[in-house]
Amino acid sequence: MNEPLQAAPQRRVWGVAALLMAVSDSLSARFSVCVVGGELSGFTRAASGHCYFSLKDADGQSAMLRCAMFRRAASLLDFSPADGALVEMRGRLTLYEPRGELQFVVEAMRRAGAGALYEQFLRLKAKLEVAGLFDAASKRALPAFPRRLGVITSTAGAALHDVLTALARRAPHVEVIIYPSPVQGEQAPPALVAALRVANERAEVDALLLVRGGGSLEDLWAFNDERVVRAVAASNLPVICGVGHETDVTLCDLAADLRAPTPTAAAELAAPSRQANLDALAALSAALTRRLEQRLDMAAQRLDRLGLRLARPTEILTRQRRQLALLAQRWGQALPKLQAMQIQRLNNLEQRSRHAAPAALRAQGMRLDSLQARLSALDPQRVLARGYAWLDDGQGRALTSVAQLSVGQQVHAVLADGEAQMQVLATEGSKTSPHKSKGTRTRPSAKT
7 MNEPLQAAPQ RRVWGVAALL MAVSDSLSAR FSVCVVGGEL SGFTRAASGH
57 CYFSLKDADG QSAMLRCAMF RRAASLLDFS PADGALVEMR GRLTLYEPRG
107 ELQFVVEAMR RAGAGALYEQ FLRLKAKLEV AGLFDAASKR ALPAFPRRLG
157 VITSTAGAAL HDVLTALARR APHVEVIIYP SPVQGEQAPP ALVAALRVAN
207 ERAEVDALLL VRGGGSLEDL WAFNDERVVR AVAASNLPVI CGVGHETDVT
257 LCDLAADLRA PTPTAAAELA APSRQANLDA LAALSAALTR RLEQRLDMAA
307 QRLDRLGLRL ARPTEILTRQ RRQLALLAQR WGQALPKLQA MQIQRLNNLE
357 QRSRHAAPAA LRAQGMRLDS LQARLSALDP QRVLARGYAW LDDGQGRALT
407 SVAQLSVGQQ VHAVLADGEA QMQVLATEGS KTSPHKSKGT RTRPSAKT
């Protein structure tokens, strides 16, 4: 301590790890626990359960903060984070020492609303959905066996390589025509619309593949542009859209005739596997061959049987002659028997007729006598002969009650031996009659 000081004190030389550790300790002391809000971007969930993403300001500023959310904290989330979502996060600011990067370790996250870009996405989706651009009825059918496919993508991207590799592996016979276009940035939407227009004007392919690799919502925004979406929906050629990864959904995916989760899947959906087609053809060929062999075998057997029958025609004729002779003999024996049976039947019928006729006549005579007796008993003349008379009002209507008579009325009477015109002098009902008129007396006025 008593030694004189050096004229120029020597500066301390930090090691990288020591410096980063010191900075990390300072950050931990200064920002032990803080809350930050912003818009999610590039959200991914690793197989380990940890989540990695970036957070940016919702007002569009270029500042961006890398974030990490470990499995324990991610398991407590009550919603599914997605790109464009506006969130508030609680955690601590640290340094990721292996790369010397500033990192925010998230301990808790809550939803704060949708980001501006995501809100724009939802508004445009609702608008185009009302316009009918996503209707399933307007989807075009894909060709079952395309000969030529068009690919709209960037020639510098990995998506083109994935599509070409998949087609070369599955369907090397399919020709590919590339319509190059940028897939990111301000120039991407008009370029994509132009590529779609050129492909439809040329009409040289059976279907179009609109593909791009994965990225954040900002990276894929060209495929949410209204101009591009309308061009996809208006395309005369069927469109298969394979943009981003399986979890990425763009408006072009909804407007296309078929959505593929990845560019490779788009190529696989566009063209069936050549080997699978060859296997199916081989199976059909084998089945056809077996069926043809069966038909040939059956025809050969039938031909053999016919040949055996024609090989000895003399035996067939001899057999037929024997059969004809047997039938002639049986017929010659059966005819006299049949005639005798018919004669016997006629004799029996004649005998039965002789015995049955007198009995039938007697029965009919007795029935006629019975009917005659019943008819005689009902003869009105015999009733009149017993002292009764038939009275009517002169118009043929029978008089059966004193209620039908009035004093002085002319009455026509029919007796056993003639008719008479009579006049009613008085009427009198019987004691059992419901009428209370007096007894009836008539005076004859004429007689025949």
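Sequential numbering from 7 applies to the sequence shown in our numbering.
Each residue gets a CB set at the ideal place from its N, CA and C atoms; glycine is no exception.
In this text, all values refer to a predicted model and were calculated from it rather than measured experimentally.
Practice item. Could you check if Pro104 is buried or exposed, using at least 16 other CB atoms within 10 Å of its CB as the buried criterion? Key: Along the sequence shown, one-based indexing puts residue 104 at 98. Exposed.
Review point. Between the Cα of Val112 and the Cα atoms of Val93, Gln387 and Glu125, which residue gives the shortest distance?
Key: Reading the sequence shown from its first residue, position 106 is the one you call residue 112. Looking at the Cα atoms, Val93 is the closest of the given residues.
Practice item. Leaving aside the five residues before and after Leu61 along the sequence, list all residues of the same chain whose C-beta is less than 6 angstroms from its C-beta, in chain order. Key: As a working mapping, residue 61 is identified with position 55 in the sequence shown. Within its own chain, the residues whose Cβ lies closer than 6 angstroms to the Cβ of Leu61, once the five positions on either side in sequence are excluded, are Gly44, Leu71 and Cys73, listed in chain order.
Review point. What's the call for Val245, buried or exposed, on a 16-neighbour Cβ count within 10 Å?
Key: Your numbering for residue 245 matches position 239 in the sequence shown. With 16 or more other Cβ atoms within 10 Å, it is buried.
**Study point:** Burial state of Glu274, where buried means 16 or more other Cβ atoms lie within 10 Å
**Key:** The count along the sequence shown starts at 1 and reaches residue 274 at position 268. Classification for Glu274: buried.
**Study point:** Gly400, buried or exposed, once every other Cβ within 10 Å from all chains shown has been counted against 16
**Key:** For the purposes of this step, residue 400 is taken as residue 394 along the sequence shown, with counting starting at 1. Burial state of Gly400 is exposed, judged by a 10 Å Cβ sphere holding fewer than 16 other Cβ atoms.
**Study point:** Asn353 classed as buried or exposed, judged by whether at least 16 other C-beta atoms fall within 10 angstroms
**Key:** Stepping through the sequence shown from its first residue, residue 353 is reached at position 347. With fewer than 16 other beta carbons inside 10 angstroms of its own, Asn353 counts as exposed.
Point to revise | Reference His418; option with closest CA among Ala409, Gln429 and Ser412 | key: Locating residue 418 in the sequence shown gives position 412, counting from the first residue. Out of Ala409, Gln429 and Ser412, Gln429 has the C-alpha closest to the C-alpha of His418.
Check your understanding: For Ala118, which of helix, strand or coil comes out of DSSP?
Key -> Residue 118 sits at position 112 when you count from the first residue of the sequence shown. Note: Ala118 maps to strand in three-state DSSP.
**Study point:** Rounded C-alpha distance that separates Gly191 from Arg18
**Key:** As a working mapping, residue 191 is identified with position 185 in the sequence shown. As a working mapping, residue 18 is identified with position 12 in the sequence shown. Gly191 and Arg18 have their C-alpha atoms spaced approximately 47 angstroms apart.
Exercise for review: Taking Gly397 as the reference, give the member of Gln378, Ala383, Leu381 and Ala422 with the closest Cα.
Suggested key: Your numbering for residue 397 matches position 391 in the sequence shown. Reading the sequence as shown, one finds Leu at residue 397 and not Gly. Residue Ala422 is the option with its Cα nearest to Leu397.
Review point. Taking Cβ positions, are Val169 and Thr270 nearer each other than 9 angstroms?
Key: Walking along the sequence shown from the start, residue 169 turns up at place 163. Walking along the sequence shown from the start, residue 270 turns up at place 264. Against a cut-off of 9 angstroms, the Cβ pair of Thr270 and Val169 comes out as a contact.
Practice item. Identify the continuous alpha helix (DSSP H) that holds His167 and give its terminal residues. Key: Residue mapping note: residue 167 aligns to position 161 of the sequence shown, counting from 1. DSSP places His167 inside the alpha helix (DSSP H), whose first and last residues are Ala164 to Arg176.
Exercise for review: Answer yes or no: do Leu460 and Ala276 have a C-beta to C-beta separation smaller than 9 angstroms?
Suggested key: Beyond the ends of the chain as shown, which are 7 and 454, falls residue 460; an answer cannot be given.
**Study point:** Residue nearest to Thr253 in terms of C-alpha spacing, selected from Gly221, Glu356 and Ser32
**Key:** One-based indexing of the sequence shown puts residue 253 at position 247. Checking every option, the nearest Cα to that of Thr253 belongs to Gly221.
Exercise for review: Compare the Cα-Cα distances from Gly48 to each of Leu384, Ala91, Leu82 and Ala426 and report the closest residue.
Suggested key: Residue 48 sits at position 42 when you count from the first residue of the sequence shown. Ranking the options by Cα distance to Gly48, first place goes to Ala91.
Check your understanding: Within the chosen definition, does the stretch 306-315 reach the stretch 196-212 through at least 3 CB pairs nearer than 8 angstroms?
Key -> Touching, no.
Exercise for review: Using beta-carbon positions only, say whether Pro87 and Cys57 come within less than 9 angstroms of one another.
Suggested key: As a first step, residue 87 must be located in the sequence shown, where it is residue number 81. As a first step, residue 57 must be located in the sequence shown, where it is residue number 51. Yes; because the gap between Cβ atoms is below 9 angstroms, this pair is in contact.
Check your understanding: In three-state DSSP terms, what is Lys62?
Key -> Taking the sequence shown and counting its residues from 1, one reaches residue 62 at position 56. In the three-state reduction of the DSSP assignment, Lys62 falls in the strand class, which pools E and B.
Review point. When the Cβ atoms of the stretch 257-264 are set against those of the stretch 230-238, are three or more pairs found closer than 8 angstroms?
Key: A contact exists between the stretch 257-264 and the stretch 230-238.
Review point. Touching or not, the stretch 143-152 and the stretch 275-295, by the rule of three or more beta carbon pairs under 8 angstroms?
Key: Yes, the stretch 143-152 is in contact with the stretch 275-295.
Review point. Would DSSP call Gly219 helix, strand or coil?
Key: Taking the first residue of the sequence shown as position 1, residue 219 is located at position 213. DSSP, read as helix, strand or coil, puts Gly219 in coil.
Practice item. Assuming Thr159 and Val189 form a contact by the criterion Cβ under 8 angstroms, report the distance between their Cβ atoms to the nearest whole angstrom. Key: Within the sequence shown, residue 159 is the residue found at index 153, counting from 1. Within the sequence shown, residue 189 is the residue found at index 183, counting from 1. Contact holds; Cβ gap of about 6 angstroms.
Point to revise | Boundaries of the beta strand (DSSP E) in which Ser47 is found, first to last residue | key: Position 41 of the sequence shown, counted from the start, is the residue given in the question as residue 47. First-last of the beta strand (DSSP E) with Ser47: Cys40 to Arg51.
Practice item. For the beta strand (DSSP E) holding Glu181, just list the boundary residues, first then last. Key: Sequence index remark: in the sequence shown, residue 181 carries index 175 (1-based). Per DSSP, Glu181 belongs to the beta strand (DSSP E) from Glu181 to Pro186.
Review point. Does the beta-carbon of Met95 have 16 or more other beta-carbons within 10 angstroms, so that it is buried, or is it exposed?
Key: Translated into positions along the sequence shown, residue 95 becomes position 89. With 16 or more Cβ atoms within 10 Å of its Cβ, Met95 is classed as buried.
Exercise for review: Give the range of the alpha helix (DSSP H) segment to which Ala362 is assigned.
Suggested key: In the sequence shown, residue 362 corresponds to position 356, counting from 1. Start and end: Pro319 to Ala383.
**Study point:** Under the three-state DSSP convention, the category Thr100 falls into
**Key:** By 1-based counting over the sequence shown, the position of residue 100 is 94. Secondary structure at Thr100: strand, using DSSP grouped into helix, strand and coil.
Exercise for review: Would you mind giving the Cβ-Cβ distance between Leu226 and Val249, rounded to the nearest angstrom? I have them listed as a contact below 8 angstroms.
Suggested key: Counting from 1 along the sequence shown, the entry for residue 226 is found at position 220. Counting from 1 along the sequence shown, the entry for residue 249 is found at position 243. Rounded to whole angstroms, the Cβ separation of Leu226 and Val249 is 6 angstroms, and the two are in contact under 8 angstroms.
Check your understanding: Which residues in the same chain as Ile184 place their Cβ atom closer than 6 angstroms to its Cβ, once the five residues preceding and following it in sequence are excluded?
Key -> Residue mapping note: residue 184 aligns to position 178 of the sequence shown, counting from 1. Taken in chain order, the residues that qualify are Val157.
Practice item. Quick one: grab the DSSP three-state call for Glu113. Key: Residue 113 sits at position 107 when you count from the first residue of the sequence shown. In the structure shown, Glu113 falls within a strand segment according to DSSP collapsed to helix, strand and coil.
Review point. If you drop the 5 nearest sequence neighbours on each side, which residues of the same chain put their C-beta closer than 6 angstroms to that of Phe59?
Key: The count along the sequence shown starts at 1 and reaches residue 59 at position 53. Closer than 6 angstroms at the Cβ level, and outside the excluded window around Phe59, lie Leu46, Gly48, Phe49 and Cys73.
Review point. DSSP on Gly156, reduced to helix/strand/coil?
Key: Taking the sequence shown and counting its residues from 1, the one referred to as residue 156 is at position 150. Under the three-state reduction of DSSP output, Gly156 falls in the strand class.
Practice item. Work out the CA separation of Asp63 and Leu26 for me, nearest whole Å. Key: Along the sequence shown, read from residue 1 onward, the residue named residue 26 stands at position 20. Along the sequence shown, read from residue 1 onward, the residue named residue 63 stands at position 57. Using only the alpha carbons, I get a separation of about 26 angstroms.
**Study point:** Minimum C-alpha distance to Gln67 - residue among Leu123, Leu287, Leu384 and Val389
**Key:** Walking along the sequence shown from the start, residue 67 turns up at place 61. Taking only the C-alpha atoms, the option nearest Gln67 is Leu123.
Point to revise | Rounded C-alpha distance that separates Val29 from Phe110 | key: Start at 1 with the first residue of the sequence shown, and residue 29 comes out as number 23. Start at 1 with the first residue of the sequence shown, and residue 110 comes out as number 104. Pairing Val29 with Phe110, the inter-Cα distance amounts to about 14 angstroms.
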